[in-house]
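Undergrad: The structure that follows is given in the form of structure tokens.
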Amino acid sequence: MSSTVSFLPPSPEPKSDPTDRYARHRLLPWWDQERLARSRVVVAGAGAIGNEVLKLLALVGVGDIVVIDFDTVSASNLSRTVLFRAEDIGKSKAVLAAARTRELNPDVHVTAIDGDISRDLGMATLARADLVIGGLDSVNARWAINRRCLRAGVPWLNGGITATDLQVTRHVPGDGACYECTFTPGMVRRFNERYSCTGLVRRTPDRTVPTTAIGASVVGGLLLHDALRFLHDPATGLKAGQRQTLLLDGYRQFLDELPPDPECPAHVELIRDWTATGLDPATTTVRDLAAAAGVPRAIAVTLGFELVLDLTCPTGDGIEVIGRPTATVYEDEILCPVCRQERIVTRGDTIPLDGPLADRTLAALGVPPHDLVRVGNAAGDGKWMETGGPDPWRARPGLVASADPADLVFAVPSGL
Amino acid sequence: MSEPSSQPGTEMTLHIRTANRDRKAEIAVDPNIRISEILEAAMQNWALSGDYDYVVRSDRLGTQLRPSATLVGSGIRDGDILEIQPIADAGTGGVRRPFVFVWLDGRGEAGTPWA
Chain A
1 MSSTVSFLPP SPEPKSDPTD RYARHRLLPW WDQERLARSR VVVAGAGAIG
51 NEVLKLLALV GVGDIVVIDF DTVSASNLSR TVLFRAEDIG KSKAVLAAAR
101 TRELNPDVHV TAIDGDISRD LGMATLARAD LVIGGLDSVN ARWAINRRCL
151 RAGVPWLNGG ITATDLQVTR HVPGDGACYE CTFTPGMVRR FNERYSCTGL
201 VRRTPDRTVP TTAIGASVVG GLLLHDALRF LHDPATGLKA GQRQTLLLDG
251 YRQFLDELPP DPECPAHVEL IRDWTATGLD PATTTVRDLA AAAGVPRAIA
301 VTLGFELVLD LTCPTGDGIE VIGRPTATVY EDEILCPVCR QERIVTRGDT
351 IPLDGPLADR TLAALGVPPH DLVRVGNAAG DGKWMETGGP DPWRARPGLV
401 ASADPADLVF AVPSGL
Chain B
1001 MSEPSSQPGT EMTLHIRTAN RDRKAEIAVD PNIRISEILE AAMQNWALSG
1051 DYDYVVRSDR LGTQLRPSAT LVGSGIRDGD ILEIQPIADA GTGGVRRPFV
1101 FVWLDGRGEA GTPWA
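Line order of the protein sequences matches chains A and B.
The opening residue of the first sequence carries number 1 in my numbering; numbering runs sequentially from there.
The opening residue of the second sequence carries number 1001 in my numbering; numbering runs sequentially from there.
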């Protein structure tokens, strides 16, 4: 029996709009430009990897981006960061990166938060993201974003580099290993290096690891590839708890399943329901928020992060009420200003309504806009409440939190 | 639930190497020793850089092995290859500074300071 193969005449080329910047994307059968335009992505870290990720998010047309970083640009960043210039040294990475991302593609809305990923991005803001992409440089920062993503129910991609090794891991709440499941004794040691035995922050120099623009560029591409797959269809791309490793020197690539740890302490309850209050943390006290919640016989408000509540002098020179996030209280503050003895540190995430912090504003305690706090009573009943204030997503363009008032002029680039 | 264990005295032979394959060795070990002990021995023997944290992976299984698990509990068999891989966790360093919250509105006018 003979068979023939008949070639059909080629289909006509699809007509493309010469003014459409996404015309080449639209030729990909699986690509959905409109879906990307509707997507919300948080970029955690605006360093070498974050720069590459932001550049690519802008080029592919992801519609709504929040970038968060507390660092400023230093000279050594300039060899690895495509969005920064020599005149940027000393200025906020997040603000600059947002402005330059927007220059690449004005269709894209970008908001900068010049702050700490462990508390300055509200939990409700995080929960409204489709995906978080992490280009972070420490175990501590990854630990923080992992915990917050698990609580908010948002998947995240963890990118990391050495001089020649690149890794991308997909973490999905409730499915596969989370970042903390993979903690090794060495990672625990590095995590604890940042804190004294009283839990206060040590003034230690940042760890520096040799890296190049090449690694950042390639891992940025790998992160975006998986992000695009995820945003189109979460069942495609890396599996939950799977890590892609690319060894530039060894010309090798492999995929590893990371073992989930059933006893991982990060696997806390997902916050599923909350009530939006519209109460701006800048003007709302802890007591005001508790009253708005309407929880019968409320006794306390629990925040999404830990505070140093007070410092008590062991020789009787009094109690100093602190009320600042633990990550902002340094170990040298522990000494009593009167007797110079080490004071007893009281830390916690819960503000009693009959205590001295109840009349402080939420913002003074470090609670950002659109964060989630729980108002509870002695019977264990409670309610999660969303703070109000400016919304970093598209609803409030131009929102910037700056660490330095001198940045303010720069912090509002036109069109941001 | 206890991990599977092997009878004492039944050593297994394993091949260990760095993932970039610039170091390799053959080892004879008790199947009940922990992955962390293999890692520690490899780091000492090869004087691996202390700049990184390392994990052990199995190419055959396509998994990273938990440091606290034993070889037999991890499903490792006689003759397997174990690879030592640094955890890539760098980004960029920067200048950390004290944080003062200041919010701006969309037109660039200073809003209420947070603290």
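Note that beta-carbon positions come from the ideal geometry of N, C-alpha and C, so glycine has one too.
Of the choices A:R272, A:V321, A:L335, whose alpha-carbon is the least far from that of A:P314?
TA: With distances taken between Cα atoms, A:P314 lies closest to A:L335.
Undergrad: Within 8 Å (strictly less), CB to CB, does A:E263 reach chain B?
TA: Not an interface residue.
Undergrad: Distance check for A:G366 and A:E52, CA to CA, integer angstroms please.
TA: Cα to Cα, A:E52 sits roughly 30 Å from A:G366.
Undergrad: Quick one: list the residues of chain B neighbouring A:V139, beta-carbon separation under 7 Å, in chain order.
TA: By Cβ distance, chain B contributes D1089.
Undergrad: What is the DSSP secondary structure of A:F191, reduced to helix, strand or coil?
TA: Looking at A:F191 - three-state DSSP - the assignment turns out to be helix.
Undergrad: In chain order, what residues of the same chain have a beta carbon less than 7 Å from the beta carbon of A:E320, not counting five sequence neighbours either side?
TA: The residues are D310, L311.
Undergrad: Report buried or exposed for A:A395, applying the criterion of at least 16 other Cβ atoms within 10 angstroms of its Cβ.
TA: For A:A395, the predicted structure reports a pLDDT of 49, less than 50, and the residue's modelled location is therefore unreliable. The matter cannot be settled from this model.
Undergrad: How big is the Cα-Cα spacing for A:R170 and A:T245?
TA: Roughly 12 Å between the two C-alpha positions.
Undergrad: Please report how far the alpha carbon of B:F1025 lies from the alpha carbon of A:R243, in whole angstroms.
TA: Looking at the sequence provided, one finds Ala at residue 1025 of chain B rather than Phe. Those two C-alpha atoms are separated by around 25 Å.
Undergrad: Quick one: residues in its chain with C-beta nearer than 7 Å to the C-beta of A:W30, no 5 flanking neighbours on either side, listed in chain order?
TA: H232.
Undergrad: Can you grab the Cα-Cα spacing for the pair A:V82 / A:P281, in whole Å?
TA: Distance between the alpha carbons of A:V82 and A:P281: 35 Å.
Undergrad: Is the distance from the Cβ of A:G250 to the Cβ of B:N1045 below 8 Å?
TA: For A:G250 and B:N1045, no; Cβs fall outside 8 Å.
Undergrad: Given this structure, state the Cα-to-Cα distance separating A:R190 from A:H225, to the nearest angstrom.
TA: Taking the straight line joining both Cα atoms gives about 30 Å.
Undergrad: Which residue marks the beginning of the beta strand (DSSP E) containing A:G159, and which one marks its end?
TA: Where A:G159 is concerned, the enclosing beta strand (DSSP E) stretches over 156-161.
Undergrad: Can you check whether the CB of A:V209 is closer than 8 Å to the CB of B:A1090?
TA: Yes, the Cβ-Cβ distance between B:A1090 and A:V209 is below 8 Å.
Undergrad: Does any residue of chain B have a CB that is nearer than 8 Å to the CB of A:F305?
TA: For A:F305, the answer is no, since every Cβ of chain B falls outside 8 Å of its Cβ.
Undergrad: Just grab the DSSP bridge partners of A:E320 for me.
TA: A:L311.
Undergrad: Keeping to the same chain, check which residues put their C-beta closer than 7 Å to that of A:Y195; ignore five residues upstream and five downstream.
TA: Same-chain partners within the cutoff: V201, R202.
Undergrad: How far does the beta strand (DSSP E) with A:E386 in it extend, from its first residue to its last?
TA: Element bounds for A:E386: 382-386.
Undergrad: Only counting runs of 4 or more residues, tell me where the alpha helix (DSSP H) segments fall wholly within the region 248-307 of chain A, in order along the chain.
TA: Fully enclosed alpha helix (DSSP H) runs of 4 or longer: 286-293.
Undergrad: Counting only the same chain and skipping the five closest in sequence on each side, list residues whose C-beta sits under 6 Å from that of B:R1057.
TA: Within the same chain, B:R1057 has close Cβ partners Q1064, E1083, Q1085.
Undergrad: Do you know offhand how far B:R1060's Cα is from A:D20's?
TA: Their Cα atoms are separated by approximately 47 Å.
Undergrad: State the beta-bridge partners of A:Y330 as determined by DSSP.
TA: According to DSSP, A:Y330 bridges with A:V201.
Undergrad: State the Cα-Cα distance for the pair A:G388 and A:L362, rounded to the nearest angstrom.
TA: Cα-Cα distance, rounded: 11 Å.
Undergrad: From what residue to what residue does the alpha helix (DSSP H) around A:S217 run?
TA: Where A:S217 is concerned, the enclosing alpha helix (DSSP H) stretches over 213-232.
Undergrad: In whole angstroms, what separates the C-alpha of A:V139 from that of A:S6?
TA: Taking the straight line from one Cα to the other gives about 59 Å.
Undergrad: Around the Cβ of A:P18, are there at least 16 other Cβ atoms within 10 angstroms (buried) or fewer (exposed)?
TA: Exposed, by the Cβ-count rule.
Undergrad: Do the CB positions of B:P1067 and A:T277 come within less than 8 Å of each other?
TA: For B:P1067 and A:T277, no; Cβs fall outside 8 Å.
Undergrad: Who are A:P352's beta bridge partners in DSSP?
TA: Per DSSP, A:A300.
Undergrad: Measure from the alpha carbon of B:V1029 to the alpha carbon of each residue in B:D1053, B:H1015, B:Y1054, then state which is nearest.
TA: Comparing Cα positions, the closest option is B:H1015.
Undergrad: Going by other Cβ atoms of all chains shown within 10 Å of its Cβ, with 16 needed for buried, is A:P155 buried or exposed?
TA: A:P155 is buried by the Cβ-count criterion.
Undergrad: Of all the options A:N192, A:S92, A:V218, which has the alpha carbon lying nearest to the alpha carbon of A:K55?
TA: Nearest C-alpha to A:K55: A:V218.
Undergrad: Apart from the five residues on each side of it in sequence, which residues of its chain come closer than 6 Å, Cβ to Cβ, to A:D175?
TA: These residues qualify, in order along the chain: A240.
Undergrad: Quick one: what does DSSP say A:R100 is sitting in, helix, strand or coil?
TA: In the structure shown, A:R100 sits in a helix (DSSP, three-state: H, G or I).
Undergrad: From which residue to which residue does the alpha helix (DSSP H) around B:S1036 run?
TA: It spans 1035-1046 - the alpha helix (DSSP H) in which B:S1036 sits, taken as one unbroken run.
Undergrad: Quick check on the burial criterion: 16 or more other C-beta atoms within 10 angstroms. Buried or exposed for A:D359?
TA: Its Cβ having fewer than 16 others within 10 Å, A:D359 is exposed.
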